[in-house]
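With full-length UniProt numbering applied, the sequence shown corresponds to residues 1 to 400, in that order.
Using N, Cα and C, we set each Cβ at its ideal position, and we do this for glycine too.
One structure below.
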Amino acid sequence: MSDELLEGYARAILRALEDPDLQEALHTYVPGSEERVRRFLESRPDIVQLAREVKAIKEYSIAHMDELIDEAMRSLKSVNAVPHYAADAREARELALSLVGRGKVVVMSKSMTAEELGIREALEEAGNEVWETDLGQLLVQLEGGKPMHSIAPAIHMTVARVAQLLRDRLGLDVSPSDAPQQMVAKVREFLRSKFVSADVGISGGNALAAREGALLLVENEGNIRMVTNLPRLHIAFVGVEKLVPTMLDAFKVILVQAAFAGLYPPTYVSLIAGPSSTGDIGHRRVYGAHGPVEVHVVLVDHGRRAAAKDVVLREQLRCIRCGYCQFVCPVWGQVANNWGGSTYGGPMGVNWTAITEGVDRGAALAMLCLGCGRCDVACPVEIPISGILADLKRRFTSSL
Ligand code: SF4
1 MSDELLEGYA RAILRALEDP DLQEALHTYV PGSEERVRRF LESRPDIVQL AREVKAIKEY
61 SIAHMDELID EAMRSLKSVN AVPHYAADAR EARELALSLV GRGKVVVMSK SMTAEELGIR
121 EALEEAGNEV WETDLGQLLV QLEGGKPMHS IAPAIHMTVA RVAQLLRDRL GLDVSPSDAP
181 QQMVAKVREF LRSKFVSADV GISGGNALAA REGALLLVEN EGNIRMVTNL PRLHIAFVGV
241 EKLVPTMLDA FKVILVQAAF AGLYPPTYVS LIAGPSSTGD IGHRRVYGAH GPVEVHVVLV
301 DHGRRAAAKD VVLREQLRCI RCGYCQFVCP VWGQVANNWG GSTYGGPMGV NWTAITEGVD
361 RGAALAMLCL GCGRCDVACP VEIPISGILA DLKRRFTSSL
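Shown next, in the form of structure tokens:
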């Protein structure tokens, strides 16, 4: 671990502590989010019970990851989707470039995996016009930063900052005194033209059923439906830890994810098992009806299979990215994902940094954990997050 990298981490955290906008946003929005989820869970023991089932599903899936990858590759083909496998971020970017090409309009739904792989930047560099369509993620794109929470990527921005970005970067006629409703309406109008002209839609995936080759995505904005339905070509980047045995398992995962993210019931769930088709003319199946003509699913390793063999890090692979651990963490509450690696941050994010960027990077970041254990209590799938962080701390100190 270089001194330069450590200094970079320290600088990011100090900048965050001195950033009045970030501090105002975190102290205004986070306590309410944590409280809302806690109250909901108190009222729904059935969801808490479902979370225990999801823990068992994910434990099984991680133990059988290689078999599920093989099964998913076969199932995806059987539903006329095109399966791919990317061992690392470079391979994933190369696949994205070969499938998309140049000079295209690309719309993306929020995906931490696509963010981790640098898909948007690679496509932009190749001369494509690329738009994030989740509002929070679009704001992050306009700011040129990184998401500050797995579900609420722009949680660090005040209303004034949002108005400034929409005005300066998109030329929208908004002011800080506008109601959020007015700003959302302007963004909706702007993105409509991108949705209908897009050649390619890129998504992540909340869960992928190996038996059926079915991808499940959950959301509230409605953008994922546009991204995965309007363009001719849909490409999904899915980490191999998202694989579960069956479609029923996948539904359980997304319901628990939505509940612990404070978004229950979710407004939309999309299930995608291959390209759109019809058999209404001459009883012959034709692909490319109203949805995509082609669906490509890229199964992404990028550190996950090695982590599955690590007796400590493998527990983090159960993570369903609800982001609840971030809301309860006293360190994240001060600096958000500025405490983190290039994509992930906070309690689960430091561990994900160790998985995707290397143990030495995650280990250096882990030193800031206070060891209070609030994240462990919050986690729906009972990941011993603080225990993993303690192990990373040990690895860091023994490397000195
Ligand atoms: S144990 Fe560490 S990561 Fe977990 S909530 Fe406490 S300070 Fe945050």
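Rounded to whole angstroms, what is the Cα-Cα separation between residue i and residue j?
i: Gly371; j: Ser109; result: 34 Å
i: Val184; j: Cys329; result: 30 Å
i: Arg321; j: Gly205; result: 11 Å
i: Ile281; j: Ala81; result: 22 Å
i: Ala363; j: Glu7; result: 14 Å
i: Glu143; j: Tyr264; result: 29 Å
i: Arg374; j: Ser150; result: 18 Å
i: Ala63; j: Ala87; result: 19 Å
i: Leu17; j: Gly213; result: 45 Å
i: Val105; j: Pro20; result: 36 Å
i: Leu191; j: Val312; result: 43 Å
i: Glu24; j: Pro292; result: 43 Å
i: Arg166; j: Val30; result: It should be noted that the sequence gives Leu, not Arg, for residue 166. For Leu166 and Val30, the distance between alpha carbons rounds to 23 Å.
i: Lys55; j: Pro380; result: 8 Å
i: Glu91; j: Lys393; result: 31 Å
i: Ile235; j: Val253; result: 21 Å
i: Glu115; j: Arg15; result: 22 Å
i: Arg11; j: Ala390; result: 23 Å
i: Asn128; j: Asp46; result: 46 Å
i: Ser98; j: Gly118; result: 15 Å
i: Gly101; j: Thr353; result: 30 Å
i: Leu208; j: Thr397; result: 38 Å
i: Gly222; j: Ser203; result: 13 Å
i: Ser270; j: Leu368; result: 38 Å
i: Trp131; j: Ile155; result: 19 Å
i: Val297; j: Phe237; result: 6 Å
How would you write the range of the alpha helix (DSSP H) that residue i sits in, first residue to last?
i: Gly349; result: Gly346 to Glu357
i: Ala160; result: Val159 to Leu170
i: Pro180; result: Pro180 to Ser197
i: Val227; result: Asn223 to Asn229
Should residue i go down as buried or exposed, given a rule of 16 or more other Cβ atoms within 10 Å for buried?
i: Thr343; result: buried
i: Lys309; result: exposed
i: Gln182; result: exposed
i: Ser197; result: exposed
i: Leu299; result: buried
i: Leu317; result: buried
i: Pro347; result: buried
i: Ser177; result: exposed
i: Leu5; result: exposed
i: Asp249; result: buried
i: Ser399; result: exposed
i: Ala160; result: exposed
i: Gln141; result: buried
i: His27; result: exposed
i: Glu189; result: exposed
i: Glu357; result: buried
i: Gly262; result: buried
i: Tyr268; result: exposed
i: Pro245; result: buried
i: residue 425; result: This structure cannot speak to residue 425, because the chain is shown only from 1 to 400.
i: Asp168; result: exposed
i: Ser43; result: exposed
i: Gly201; result: buried
i: Thr228; result: buried
Need the endpoints of the beta strand (DSSP E) that residue i sits in, please.
i: residue 415; result: The question about residue 415 has no answer, for the chain in this structure spans 1 to 400.
i: residue 421; result: Residue numbering for the chain in the displayed model covers 1 to 400; residue 421 lies beyond these limits and cannot be assessed.
i: Tyr264; result: Here Tyr264 belongs to no beta strand (DSSP E), and DSSP marks it neither H nor E.
i: His234; result: Leu233 to Gly239
i: Ala209; result: Ala207 to Ala209
i: His290; result: Here His290 belongs to no beta strand (DSSP E), and DSSP marks it neither H nor E.
i: Leu215; result: Ala214 to Glu219
i: Pro384; result: Premise fails: Pro384 is in no beta strand (DSSP E) and is neither H nor E.
i: Glu129; result: Glu129 to Glu132
i: His156; result: No beta strand (DSSP E) contains His156, which DSSP labels as neither H nor E.
So, is the C-beta of residue i closer than 9 Å to a C-beta in chain D?
i: Val297; result: The structure shown contains no chain D; it is built from a single protein chain.
Meets three-Cβ-pair contact criterion under 8 Å: the region 256-273 and the region 202-218 = yes
request  = Take every Cβ of the region 130-143, pair it with every Cβ of the region 349-363, and state whether three or more of those distances are shorter than 8 Å.
outcome  = no
ask   = How about the region 323-338 and the region 286-305: do they share at least three Cβ pairs that are nearer than 8 Å?
value = no
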